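First comes the structure, then the notes that go with it.
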Amino acid sequence: MSRLRAEHLYKVFGRRPKAAVTALEGGASRDELRSQGTTAAVINASFAVEAGQIFVVMGLSGSGKSTLLRMLNGLLEPTAGQVLYDGTDLTRLSARELREVRSRKISMVFQHFALFPHRSVLENAAYGLEVQGIPRADREARAKEALELAGLAGWEDSWPDELSGGMQQRVGLARALATDADLLLMDESFSALDPLIRRDMQDQLLELQKRLKKTIVFITHDLNEAMRLGDQIAVMRDGRIVQIGNAQDILVTPANDYVASFTQDVDRSRVLTAGAIMADPASTLAAADGSAPRTPREVLAAAPATVLADTPIIELFAPCSTSSEPVAVVDEAGELIGLVPAARLLAVLGEPTQTAEPTATPPGPRLSKDAADESDTSDTDKDDVNKDAAKGSVGNGTAEGKVTAGA
Amino acid sequence: MPRLDIGKWIDSGITWLRENLDWLFDFIAKVVDGMYEGVHDVLSAPEPLLFAGILAVIAWWLRGLVAGVVAFAGFPLINSIQQWDEAIETLSLVLVAGFITIVMAVPLGIWAARSRTVSTVLRPVLDFMQTMPAFVYLIPGIFFFGVGVVPGAIATVVFAMPPSVRMTELGIRQVDEELVEAAEAFGTSPRRTLVRVQLPLALPTIMAGVNQAIMLALSMVVISGMVGGGGLGSSVFEAISSVDVALGFEGGLAVVILAMYLDRMTGALGERVSPLGRRAIAKRNAAATSGLGVLQWRPATSLATVGVVVLALVAGGMNVFGEDEKGPEVTADVGKGRSLNIGYINWDEGVASTYLWKEVLEQRGFKPKVQSYEVGALYTGMAAGDIDVQTNSWLPVTHESYWKNYRDKLDDLGSWYGPTSLEVAVPLYVKGVKTLDDLKGKGSNFKGKIIGIEPGAGEMKLMKDKALPGYGLDKEYKLVSGSTAGMLSQLERSYAKQEPVAVTLWSPHWAYSKYDLTKLKDTKGAFGSGDRLHMLARKGFAQKEPRVAEWMKGFKLDEKQLTTLEQAIQDAGKGNQQQGVRAWLEKNPGIVDKIAPVASAEAKGEQAGAAPRIGYFPWDEDIATTYLWKNVLERRGYKPSIKQYDVGSMFTGMAAGQIDVEFDGWLPVAQKQYWDKYQEQPGRHRRVVRQDLPRTGGALLRQGREVPRGPQGQGRQVQGQDRRNRAGHRPDEAAQGQGAAGLRPGRRVRGHQRGIARDAGRTGALVQEARAGHRRAVDPALGLQQVRPDQARRPEEGVRREQRDPFARAQVLPEEIPGVLRVVEGMAHDREGTRRP
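Going down the list, the sequences are from chains C and A.
For this note's numbering, count along the first sequence from 1 and bump the result up by 39.
For this note's numbering, count along the second sequence from 1 and bump the result up by 835.
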């Protein structure tokens, strides 16, 4: 049973929203409704979030992702559909019950931090507990713990306006963590931070998540962030969820042009893993250079590097450049499970093929076939791909290299 | 376009409100007045310097040493320009009005911020309140609340409320939506969101609104000086109406000091109370350089509180041990410290006669308060009962319109000077202008202007309605309205430059002795025959203060006396009117005793000093008779105490000897059971005796008590005696009595005796009259004793009626007490249906 499930959620602003929902169900488009003065912010959104997962909703501004998020904790009432949290339908709760749920089970982190300027850092962090009616000493102790978790130990008596943006958002995070709510809604929480700090916060969130195992719904318009954080990613466009899948699904098999165009700017070398692009070792063993097939052991010995399946491919470039032999991919036991030749490495960094398969596919064999096809079919494409790849890897690589160094 | 009588509709709406919601306005007036009196008593208690000290400590606490020092300089300055009392009155009024404003505005603003509908509805209302000229509010204010502090405060509240409401709404709406959302997201209820998040964050804006409200209140309070709001407003208004630059500047300066203090303090207070403000202060303090430490240092809240309390205690202590202020020597204590309000129009003869009376009354032990008003406000205030007397009513012509409107609420105490005349005057050096006709065609000489006086003055109305059109001058001349003082200073300027000028003037006036002027002959009689100057009192005043009324009726001044008095006051200078009067009195010895004669000894009843206890039921006729008796007995030197009872307890109390007398025994039917139980019977210990008093209905007496007797000393033993026989049973009386009974149809006719039935009817008439004549009859005794205004001038009729009226002749009533007699006269007069307005 999923921890959080949204079923056929609709949110329509304007007059006669119910009628608009009926029209949408009947196939009316968003623009038709808009001409009548109603705005369909979220249309038929369904998804499930497992416990301990980070579920990222990604989309451009106006795509309805923030509206969707606010329906999850009842700040906005869905026009139609259900929100099931731990099996409870939040849309059926009374206002009082809903407040109770919000104060104990769901907390939220905001884009612009939303810290109360008239409260100290400690009072801010303790706010949720104060609403719950927990005695002062108790709540301050817990708020202190949360601040420590967020890396703000020692700042308790400061005021929000004395902190930098990143620190303020840490307070926001601490405020959300202090209530021990299991579900964390994060509304573009890192978007207002500058890139260095953003990356830092992302790392910290992942770090925290390893320890705390919260269920997190994270909203962002930044696909890189989505890829970095998301166990599952839902891409929204014009109020609809156009694709749900993990980072590689989105990247490798985008559901449509829109998603594909989104993924253009993504640094594939960091998202794609060796496991996702490796070629079947059997075929490679056979047809390396026309000579007799080699044993896996020989291949392993010849390979410039040996990596695990979840290694980002960016780490493969250096080894590949030093040798004509493919990089070997091994499992935990050290058995050879695939090979990544240099040509393949370059090919996947380019544009994805025109239309991908509609459903997410297991990586491995099929992908390798696609990649092989691609590399075989057109030379002109290949040139473009290579150009793109070079550009992308150089640009992103240096930028992020700095980041890493800075961090 | 059809004429839409919006103004008239509003007018009739307001009249309707006044008639139907009088209790509400009375209640509001009481509350506001009570608040004002309370605040004023506290603020006016300490010595000026000490109070300045308290204010300075507050300033020091809120804003630092410099502000404290400046405050300590500013407030004594107000004292030294003799505006202290006025400033304190104004401060009290501002605080009260500001408080009411805030208490109403902030919740309204919150409501508007939370509901779009409320906001939409409220906005035009606020626009209306804010943009309507502030003066306009004074008019319904006077109608509903009379003159004085209350209408001023109400108008102030109306005027000052919009910014406060708007700022509150704005402040709350301005709070970052994300913050509100954050509060909601953590499960905060809307009420707590308001209290914990929205209000604290909106507080700086709300306090800015409060600051605005206080400042507007201050400006409005000054305007309300026009309707007797008192304080600095009165100073300023007086200065304007008499073109007194010195007083105007001093009053204005005091206003400025007060305004600056209130502005800075409410601003700083806003910083203190809001959490964000405190943050800002803390930051500033942290950033402040150390060099000016002394100036930066402020007493902590606790320290400031201690300082204020200590000063306040010192002030309180000094007040306890302080001396009473010195008034004039009281030559005969008739007034026993009772206060009465004299209103006047700021005209020379009005000032002269008013201050003369003030002095006379103070010498007689009264505490008169004098206050200048605009003409209309003066009459309205009198009709509403807020002003007791005015000395300067120009009747029958000039003030005709006011008299017509309010005559049934006013008593004419007779004229004290006359005849007067109204006229247009030009300097003697303007040749060829001897009559009003001569003005025609010379408009250019006079620049097309005739300099008038206050627009509300009757003379102005006569000029506009009769004189100008009558002589065909209305096209050629414009009647410039302003003030008497303005007219006089214009006359003085033109006279000095020998320029032609035409002014509206009246006789008597000192201008005629100071300048050589030609009174233009009124050949067409446009101004009518000459007015006389009348003393007017509000209805019921003559009963409340019969001695004063008597004195006022006898008051006369001849032209020499009046002009010398006016001159004396002119010589004494503004603000020293009373000294002028005293100087004049010194030159006219004995005049006080002539104006207000005091008998060597008051006539006393035989048992003067006895204290009969009177019980009464809360029924109209009993209230009426009881208070009548109370008054009568008091005048006769008794000290009756009255108390209200229920029927059963009344009889029990009488039988037990706790009540001496009641006047409303309904016998033999209604209260038979009690009567049977308690009546005097041989062998019974507890007894009640019936005494039929033909004039006021039956009286039941506790056995062994005697009804106080009249001075004639017939020494009639009342017990068991039937007074009817004495009253006589002439046929015309019986008929009259029946007629009177008809005034009060059918209600509980007391039928056991003819005479009593008749008297019951009369009592009813008395009560009815009390209600009709005096709407605010809180004290029924006031309502009881009403005098028709025409009586004073027709004494011979009074005598005639007196002879015919058995009530008046009844021996139980002491005839020599004029107030009571007049009641009787008035009633008889009414029944004859003559001259009822």
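Ideal Cβ placement from N, Cα and C applies to all residues, glycine included.
Only a predicted model underlies this, so the values are computations on that prediction, with no experimental measurement involved.
query: Let's see if you can read the secondary structure: which residues bound the alpha helix (DSSP H) around C/VAL281?; result: Careful: C/VAL281 lies outside any alpha helix (DSSP H), inside the beta strand (DSSP E) at 279 to 284.
query: Could you pull out every unbroken alpha helix (DSSP H) segment of at least 4 residues lying fully inside the segment 1314 to 1398 of chain A, listed in chain order?; result: 1319 to 1332, 1346 to 1349, 1376 to 1379, 1381 to 1388
query: Is there a Cβ from chain A that is less than 8 Å from the Cβ of C/ARG138?; result: yes
query: Can you tell me which of A/ASP1272, A/GLY1063, A/TYR1096 puts its alpha carbon nearest to the alpha carbon of A/ILE1177?; result: A/GLY1063
query: Applying the criterion that 16 or more other CB atoms from any shown protein chain within 10 Å of the CB defines a buried residue, is A/ASP1247 buried or exposed?; result: buried
query: Rounded to a whole number of angstroms, what is the C-alpha to C-alpha distance between C/GLY314 and C/VAL51?; result: 43 Å
query: Going by DSSP in three states, C/GLY120 sits in which element: helix, strand or coil?; result: strand
query: Can you tell me which of the three DSSP states A/PRO1110 falls into?; result: helix
query: Under 7 Å, CB to CB, which of the residues in the segment 1013 to 1040 of chain A have a partner in chain C?; result: GLU1013, LEU1014, GLU1016, ALA1017, GLU1019, ALA1020, PHE1021, GLY1022, THR1023, SER1024, VAL1032, PRO1035, LEU1036
query: Is there a C-beta anywhere in chain D that falls below 8 Å from the one on A/ARG1107?; result: Absence of chain D from the displayed structure is noted, the protein chains being C and A.
query: What span of residues does the alpha helix (DSSP H) with A/VAL1674 cover, start to end?; result: Residue 1674 of chain A lies beyond the residue range present for chain A, which begins at 836 and ends at 1672; the question has no answer from this structure.
query: Please report the straight-line C-alpha distance between C/GLY468 and A/GLY1022, rounded to a whole angstrom.; result: Outside the shown range of chain C, which is 40 to 446, sits residue 468 of chain C, and nothing can be said about it.
query: Give the residues of chain A in contact with C/HIS151, contact being defined as C-beta atoms less than 9 Å apart.; result: ASP1011, GLU1013
query: Could you check what DSSP says for A/LEU1088 in three-state terms: helix, strand or coil?; result: helix
query: Quick one: which chain C residues come within Cβ less than 8 Å of A/LEU1111?; result: PRO156, HIS157
query: Is the segment 1232 to 1244 of chain A touching the segment 1301 to 1321 of chain A, taking contact as three or more C-beta pairs under 8 Å?; result: no
query: From the beta carbon of C/THR198, is the nearest beta carbon of chain A less than 8 Å away?; result: Residue identity differs from the one stated: residue 198 of chain C is Trp in this sequence, not Thr. True, the Cβ-Cβ gap to chain A drops below 8 Å.
query: So which residues on chain A does C/TYR166 lean against when the C-beta distance must stay under 7 Å?; result: PHE1021
query: What in chain C is Cβ-close to A/ARG1114, meaning under 8 Å?; result: PRO156, HIS157, TRP198, ASP200
query: A/MET836 to C/ALA153, Cα distance in whole Å?; result: 59 Å
query: In this structure, what does DSSP give as the bridge partners for A/ASN1176?; result: A/LYS1204
query: By the DSSP assignment, the alpha helix (DSSP H) with A/SER799 in it spans what residues?; result: Residue 799 of chain A lies beyond the range of chain A shown here (836 to 1672); nothing can be said about it.
query: Is it the case that the Cβ atoms of C/GLY120 and C/LEU48 are separated by a distance below 8 Å?; result: yes
query: Using DSSP's beta-bridge definition, name the partner residues of C/GLY98.; result: C/MET275
query: Looking at chain A, which residues of the segment 96 to 115 of chain C have a Cβ within less than 7 Å of any of its Cβ atoms?; result: ASN112, LEU114
query: Is there at least one Cβ from chain C nearer than 8 Å to A/GLY1157's Cβ?; result: Interpretation of A/GLY1157 is limited by its pLDDT of 43, a score under 50 that renders its predicted location unreliable; the figure taken from the coordinates is listed afterwards. Judged by the 8 Å Cβ criterion, A/GLY1157 is not in contact with chain C.
query: Could you tell me whether the Cβ of C/ALA410 comes closer than 8 Å to any Cβ of chain A?; result: Confidence at C/ALA410 is low in this model, with a pLDDT of 42, below 50, so the placement of that residue is unreliable and no value is reported for it.
query: Look up A/LYS1193 in the DSSP assignment and say whether it is helix, strand or coil.; result: helix
query: When DSSP labels each residue in this structure, what does A/PHE1452 get in the three-state scheme?; result: coil
query: Measure from the C-beta of C/SER146 to each C-beta in chain A and report whether the shortest distance is under 8 Å.; result: yes
query: Give the interface partners of C/ARG69 over in chain A, defined as CB-CB distance under 9 Å, in chain order.; result: Result: empty, since nearest Cβ-Cβ is about 25 Å, beyond 9 Å.
query: Measuring straight from C-alpha to C-alpha, what distance separates A/GLN1405 and A/PRO1424?; result: 20 Å
query: Tell me whether C/LEU191 counts as near the ligand PLP, meaning its Cβ is closer than 7 Å to at least one heavy atom of that ligand.; result: This structure does not include the ligand PLP; it has no bound ligands of any sort.
query: Can you check whether the CB of A/GLU1258 is closer than 8 Å to the CB of A/LEU1340?; result: yes
query: Could you tell me which uninterrupted beta strand (DSSP E) segments, each at least 3 residues in length, are contained entirely in the segment 1255 to 1313 of chain A, listed from first to last along the chain?; result: 1256 to 1262, 1284 to 1286
query: Here's the rule: buried if 16 or more other CB atoms are within 10 angstroms of the residue's CB, otherwise exposed. What is A/THR1708?; result: Coverage of chain A is limited to positions 836 through 1672, which leaves residue 1708 of chain A absent and any answer about it impossible.
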